[in-house]
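Undergrad: Before we start, here is the structure in question, set down as structure tokens.
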Amino acid sequence: DAGVIQSPRHEVTEMGQEVTLRCKPISGHDYLFWYRQTMMRGLELLIYFNNNVPIDDSGMPEDRFSAKMPNASFSTLKIQPSEPRDSAVYFCASSYQGQANTGELFFGEGSRLTVL
Amino acid sequence: QKEVEQNSGPLSVPEGAIASLNCTYSDRGSQSFFWYRQYSGKSPELIMSIYSNGDKEDGRFTAQLNKASQYVSLLIRDSQPSDSATYLCAVNWGTGFQKLVFGTGTRLLVSP
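Each protein sequence line maps, in turn, to chains F and A. Quick note: to get the numbering used here, add 7 to the position in the first sequence (first position is 1). Quick note: to get the numbering used here, add 1 to the position in the second sequence (first position is 1).
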């Protein structure tokens, strides 16, 4: 059974460019989370969805960041325009109700973003 | 004050020893506590969860929770070099279980 699939695995871009990160959750999971990980700040929750609806986006750093989940099998995180301080590993994770209530999240392999 | 605090380490222990990892949290309303393990360059994976005060054992791992002190720990007995990784403490935030706040992690090094 496939796990959470993220793309691209690595992205190098220049400041000011638009970046789109993609995620396919595990089939049947109804929760989807976007996290960002840096050495200084650790793993930060940006936004999460339940049944494709954004529930909490309080972790989204600013208006340059946006996330969508048009259907149960796909989500995007977009940064426009990108800045060097956005450089981080972005993780997508999914879960279903029972697992979400036990804190078990299934993480994708992450997308490493470098903004020059 | 950070919401979830961990010593960044590294914590170095010899093979076969007990590794003790600690975590404190600031939200007294938190009800669920988790330990995730993250190998270098990989994604986090859940290894332990605990919800009640006291100890919970699973194989070589023991999680300990003290809500009055807002403290949670992870003990790894008979540490193996394969246990070398970063251990992330996570705590649920707010009323739901779904929102997890992670500490920055403690790096554990187990030497042969």
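Beta carbons: idealized from backbone N, C-alpha and C, even for Gly.
Taking K57/A as the reference, give the member of S31/A, L76/A, A69/A with the closest Cα.
TA: Reading the second sequence from its first residue, position 56 is the one you call residue 57/A. Closest by alpha carbon: L76/A.
Undergrad: Express the C-alpha separation of L50/F and W94/A in angstroms, rounding to a whole number.
TA: As a first step, residue 94/A is located in the second sequence; it is residue number 93 there, counting from the start. As a first step, residue 50/F is located in the first sequence; it is residue number 43 there, counting from the start. Each residue's alpha carbon lies about 14 Å from the other.
Undergrad: My understanding is that R16/F touches A95/F, with C-beta atoms under 8 Å, so please give their C-beta distance in whole angstroms.
TA: As a working note, residue 16/F is residue 9 in the first sequence. As a working note, residue 95/F is residue 88 in the first sequence. In fact, because the Cβ distance is near 14 Å, the residues do not count as touching under 8 Å.
Undergrad: Which runs of the alpha helix (DSSP H) fall wholly inside the stretch 32 to 99 of chain F and span at least 4 residues, in chain order?
TA: As far as the stretch 32 to 99 of chain F is concerned, it has no whole alpha helix (DSSP H) run of at least 4 residues.
Undergrad: Use the C-beta contact count for S13/A: other C-beta atoms within 10 angstroms, 16 or more gives buried, fewer gives exposed.
TA: Here the question's residue 13/A lines up with position 12 in the second sequence. Under this definition S13/A is an exposed residue.
Undergrad: Who pairs with V11/F in a beta bridge, going by DSSP?
TA: In the first sequence, residue 11/F corresponds to position 4, counting from 1. None; V11/F has no bridge partner.
Undergrad: When DSSP labels each residue in this structure, what does D84/A get in the three-state scheme?
TA: Within the second sequence, the letter at position 83 stands for residue 84/A. DSSP places D84/A in helix when its eight states are reduced to three.
Undergrad: Give the DSSP bridge partners of E58/A, in chain order.
TA: In the second sequence, residue 58/A corresponds to position 57, counting from 1. Note: E58/A sits in a beta bridge opposite T63/A.
Undergrad: Is T105/A close to chain F, meaning its C-beta is less than 8 Å from at least one C-beta of that chain?
TA: Along the second sequence, read from residue 1 onward, the residue named residue 105/A stands at position 104. Closer than 8 Å: yes.
Undergrad: Measure how close the beta-carbons of S82/F and Y38/F come, nearest whole angstrom, since I'm counting them as under 8 Å.
TA: Within the first sequence, residue 82/F is the residue found at index 75, counting from 1. Within the first sequence, residue 38/F is the residue found at index 31, counting from 1. So it is not a contact: roughly 11 Å between Cβ atoms.
Undergrad: So which of V60/F, S89/F, E69/F has the shortest CA-CA distance to E18/F?
TA: Residue mapping note: residue 18/F aligns to position 11 of the first sequence, counting from 1. Answer by Cα proximity: S89/F.
Undergrad: Determine the direct distance from the alpha carbon of T121/F to that of R29/F, and round the result to whole angstroms.
TA: As a position in the first sequence, residue 29/F is number 22, starting the count at 1. As a position in the first sequence, residue 121/F is number 114, starting the count at 1. Distance between the alpha carbons of R29/F and T121/F: 16 Å.
Undergrad: Taking DSSP's pairing of strands, which residues face Q39/A in a bridge?
TA: As a working note, residue 39/A is residue 38 in the second sequence. According to DSSP, which records beta bridges pairwise, Q39/A is partnered with T87/A.
Undergrad: Quick one, which residues of the stretch 58 to 75 of chain A are near chain F if we go by CB-CB under 8 Å, in chain order?
TA: Listed by position along the chain: nothing, the set is empty.
Undergrad: For chain F, find out if any of its Cβ atoms is closer than 8 Å to the Cβ of V102/A; answer yes or no.
TA: In the second sequence, the residue the question calls residue 102/A occupies position 101. Yes, V102/A counts as interfacial toward chain F.
Undergrad: Considering only the alpha carbon of each residue, which of G10/F, E25/F, E21/F, Y103/F lies closest to N59/F?
TA: Within the first sequence, the letter at position 52 stands for residue 59/F. If we check each option's Cα against that of N59/F, Y103/F comes out closest.
Undergrad: Quick one: Cα of S50/A to Cα of L52/F, how far?
TA: To locate residue 50/A, count along the second sequence from 1; it is residue 49. To locate residue 52/F, count along the first sequence from 1; it is residue 45. Cα to Cα, S50/A sits roughly 19 Å from L52/F.
Undergrad: For E18/F, list the residues DSSP reports as bridge partners.
TA: Residue numbering aside, residue 18/F sits at position 11 when the first sequence is read from its first letter. Looking at the DSSP assignment, E18/F forms a beta bridge with L120/F.
Undergrad: Skipping 5 residues on each side, what residues in its chain have a beta carbon closer than 7 Å to that of T45/F?
TA: On the first sequence, position 38 is the one that residue 45/F refers to. Excluding residues within five positions, the ones whose Cβ falls inside 7 Å are A95.
Undergrad: Buried or exposed for I19/A, please, with buried defined as at least 16 other CB atoms from any protein chain shown within 10 angstroms of its CB.
TA: For the purposes of this step, residue 19/A is identified with residue 18 of the second sequence, where counting begins at 1. The residue in question, I19/A, is exposed, as its Cβ has fewer than 16 Cβ neighbours within 10 Å.
Undergrad: Name, going along the chain, the residues of the stretch 62 to 87 of chain F whose beta-carbon falls closer than 7 Å to a beta-carbon of chain A.
TA: Result list: D63.
Undergrad: According to a CB-to-CB cut-off of less than 7 Å, which residues of the stretch 29 to 46 of chain A neighbour chain F?
TA: So the list reads S33, F35, S44, P45, given in the order they occur along the chain.
Undergrad: Taking T107/A and Q39/A to be in contact with their CB atoms under 8 Å, please state how far apart those CB atoms are, rounded to whole angstroms.
TA: Indexing the second sequence from 1 puts residue 107/A at position 106. Indexing the second sequence from 1 puts residue 39/A at position 38. 11 Å between Cβ atoms; not a contact.
Undergrad: Measuring straight from C-alpha to C-alpha, what distance separates P68/F and A9/F?
TA: Your numbering for residue 68/F matches position 61 in the first sequence. Your numbering for residue 9/F matches position 2 in the first sequence. Looking at the two C-alpha atoms, the distance is approximately 30 Å.
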